[in-house]
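In my numbering, the protein residues as written are 104 to 1002.
By construction, the Cβ of each residue, glycine as well, lies at the ideal position given by its N, Cα and C atoms.
Reviewing the structure listed below.
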């Protein structure tokens, strides 16, 4: 580099800048709100909210013109989650209304508070309006009613950041269209200094191969979309630093598939040092928690730690990533180096948090900003992966916090479209009648909700006929795909302190919105009575959704399983709604049947018939339950295959389950298999398409690799997952076991390797040794092998899988009748406390034939069990669609893989 002469004034100006920065930083660490306006109340009235922040009324204030026509009306009702201030009063505008706020120059938070209920004679559904801030359009033709209904919120809070220059901030509310019944309203307005975002002349790296700096002056208005405390719990606004009153959400809702990594808190020997980063950038709780990929380098190299965020298309987004090394053992550069990917583009090749901190020690918070343009997809991906090229000590990655802001378009617009009305989602014919322009507008905010409108089944009395006819046809009937997802499941247990999860950056509280006509609606009082007030003695198990309780309803006549959502669950409103809406429309002997739901008091509760034998997983390994006989396992696999085959071909539209695994195959009191948990299900492609392009979801270990690579979902993705289930049933071991040698960690890969080498019989469940006829074993193994083919085109259809399994059962039954293999009896003694077969190397079978001997428990007594279903085949009973009798089921008691 060519050197020039040193300017003697540089040190002086540098000192001035440093002192000015220190002064501004110290002044901004505790910033009081400039304006808290309680709309619809006299300016002489000052009232506290639930957080003891004091709000001043807007009527007669210097911010609102006294001559303007605006009504002040109280809300018609108050939900239990809604505080009185500022939500129970509103300013109603039938024509354009302008607030003028004198403010200092610089960045400002603008928070708008809405409680969409009826106000006097003003109907909530007619509140359609735009909000402008100077030259910026914050909201356009905005319906608080549709948005709150779609997000299941009682109230909404929108947060914007605008750079003011002339000392005034004007907010304009304009009904749309003017002169109609439409009106505008607002309950509260907050304006607060925002010192932390970025300086006027800042520059940020755009996430593209060019990595060209992008001047920030091109974007001077932003909308908060996501703000996450990665690896930590949700933080209420009162826990935020600098009195900025920001809410930070738990990140687990947005993690891709089952690659959750490991969340951990700060090592007590590490101190977070705010010397270079002002505390108001992010609170200590954000930098004191993190999510990393985990301690196993082999597993870490096999996946990306990924978050997926639905966003509006055709906008640019500022992505701010917060980092702080809080593990004591990582205290110097080049120990943990990783890639950062944004929308499948490399933003950083050598992210090194210690090096970025510049002090060669841990506990130094840093943040990095990137701008991402979202054009051809409705999702924004953030991914991390270890970089091994630098010779780093740990093959790992870390993230502490994440913020995403939508940036204004060139014309100053920040607004996105309204959600699709629920009745159009539930009625595909009505949605089909929308004009092309309406379709284009509404598609931007669809949530995987096309599932609801596309799974309607024909009349129940025709089900058997429909299934029969479709089995005769080789061509599958496919359905409509979803439009782009406009928002993610939101934290249900929200209150005035809970952050938003939707792509609008809204906050709010849950409101009951599911149509009770879909299935039976239970009151919360009924649920409490059925479970003895959620007694721990009634707990059947704990899953990814929450606890499952045994219960009795209808005066103790009906035994049920009741699944209650955990507020910290990674599953949310979308899974809850999808399960209800789909199971209420599907009936089949081998699919779960839903009794009803409860959605009161900020609760999400599902009610199923009681499932006597739980999940298939519970009877395979890591259990004290007696093992299933081989014939019984075959019957269960056949039943599950029938359920999946019906989803793919028997319903009105193809339905792809997307989360087939042994914890989602349930067993009733007669050991009949039921496919359960439809929270991730989607309708299949249109007739003129071969796949659905969608965000990848499912369970690690069962996930179709082609779906993972291409994000293109077909029914063959279910076939792959079912093939893993077949190997799991045969080998009685977990699909992922990181304690095993590298080549054996993945069951599907290891079993496929053994099958191709001709030694699959050596890794099967030791209990099955000598109990499988060679012909049956060959047919079963070949079927599983074909299911897990890497390319979907090489996999059989589920109907072919079903046929092969039924044929394998016939081979087994014929061999038992001819005496070729020993027939298992009802009182056969079984191994005790079954563990993962491959973790105990002493139990690896030498061959399929010839195993004998009993195992006793710790007391020395043989353990008897009634596990055989005799010589009867379920095929004669189950070959038709007997969907009128509800099946006994509850969904996903265990969740070892997660999502």
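Proximity winner among the options, relative to residue i (alpha-carbon distances)
i, options, result
"residue 399", "277, 479, 365, 900", "365"
"residue 485", "493, 497, 504, 188", "504"
"residue 740", "908, 212, 290, 273", "908"
"residue 627", "656, 861, 227", "656"
"residue 441", "635, 815, 493, 432", "493"
"residue 332", "216, 805, 506, 164", "506"
"residue 324", "475, 662, 235, 718", "235"
"residue 899", "468, 502, 823", "823"
"residue 482", "432, 461, 515, 420", "420"
"residue 906", "252, 918, 883, 633", "883"
"residue 337", "393, 378, 370", "393"
"residue 278", "172, 262, 895, 178", "172"
"residue 288", "180, 198, 885", "198"
"residue 721", "407, 146, 490, 774", "774"
"residue 1006", "732, 737, 771, 747", "Since the first residue of the chain shown is 104 and the last is 1002, residue 1006 is not available in this structure."
"residue 469", "427, 214, 206", "427"
"residue 860", "837, 885, 838, 843", "885"
"residue 186", "403, 221, 259, 223", "259"
"residue 770", "214, 714, 367, 215", "714"
"residue 228", "253, 205, 211, 508", "253"
Nearest-angstrom beta carbon gap, residue j and residue i [assumed within contact, 8 Å]
i, j, result
"residue 291", "residue 189", "3 Å"
"residue 743", "residue 904", "So it is not a contact: roughly 10 Å between Cβ atoms."
"residue 193", "residue 143", "5 Å"
"residue 887", "residue 826", "5 Å"
"residue 453", "residue 734", "Rounded, the Cβ-Cβ distance is 56 Å, inconsistent with contact."
"residue 849", "residue 830", "Not confirmed; about 10 Å, so no contact."
"residue 257", "residue 339", "Not confirmed; about 17 Å, so no contact."
"residue 820", "residue 759", "6 Å"
"residue 648", "residue 666", "6 Å"
"residue 923", "residue 876", "6 Å"
Sequence-distant residues of the same chain with beta carbon closer than 6 Å to residue i, five excluded per side
i, result
"residue 751", "757, 818, 901"
"residue 154", "341"
"residue 237", "273"
"residue 246", "231, 521"
"residue 344", "382, 383, 386"
"residue 466", "373, 374, 375, 376"
"residue 703", "627"
Cα-Cα separation, residue i to residue j
i, j, result
"residue 270", "residue 203", "10 Å"
"residue 832", "residue 443", "38 Å"
"residue 868", "residue 835", "5 Å"
"residue 891", "residue 730", "25 Å"
"residue 855", "residue 812", "20 Å"
"residue 298", "residue 285", "37 Å"
"residue 889", "residue 335", "42 Å"
"residue 461", "residue 496", "19 Å"
"residue 249", "residue 828", "41 Å"
"residue 439", "residue 268", "42 Å"
"residue 179", "residue 293", "23 Å"
"residue 409", "residue 362", "7 Å"
"residue 276", "residue 195", "10 Å"
"residue 157", "residue 431", "43 Å"
"residue 853", "residue 415", "42 Å"
"residue 498", "residue 694", "42 Å"
"residue 472", "residue 330", "14 Å"
"residue 712", "residue 764", "21 Å"
Same chain, Cβ closer than 8 Å to residue i, five either side skipped, listed in chain order
i, result
"residue 893", "808, 809"
"residue 511", "239, 322, 323, 324, 325, 517"
"residue 401", "841, 845, 848"
Same chain, Cβ closer than 7 Å to residue i, five either side skipped, listed in chain order
i, result
"residue 699", "622, 623, 624, 625, 710"
"residue 436", "455, 457, 458, 463"
"residue 145", "160, 162, 163"
Heavy atom of the ligand HEM within 7 Å of residue i beta-carbon
i, result
"residue 676", "The model on display carries no ligand, and the ligand HEM is accordingly not part of it."
Chain B contact for residue i (CB, 8 Å cutoff)
i, result
"residue 872", "The structure shown contains no chain B, having only a single protein chain."
Note to self: Could you tell me which whole beta strand (DSSP E) segments of length 3 or greater appear in the region 134-166?
What the structure shows: Listed in chain order, they are 138-145, 149-151, 157-162.
Check: Can you list the beta strand (DSSP E) stretches of 3 or more residues lying completely in the region 215-290, in chain order?
Finding: Whole beta strand (DSSP E) segments, 3+ residues: 231-236, 239-246, 259-267, 271-278, 287-289.
Next item on the list: With a floor of 3 residues, list each beta strand (DSSP E) that falls wholly inside the region 704-770, ordered by position along the chain.
Entry: Entirely contained in the region 704-770, the beta strand (DSSP E) runs reaching 3 residues are, in chain order, 708-712, 768-770.
Next item on the list: Report the residue ranges of all beta strand (DSSP E) runs contained in full by the region 337-385; include only those spanning at least 3 residues, in chain order.
Entry: Those beta strand (DSSP E) runs which fall completely within the region 337-385 and span 3+ residues are 365-368.
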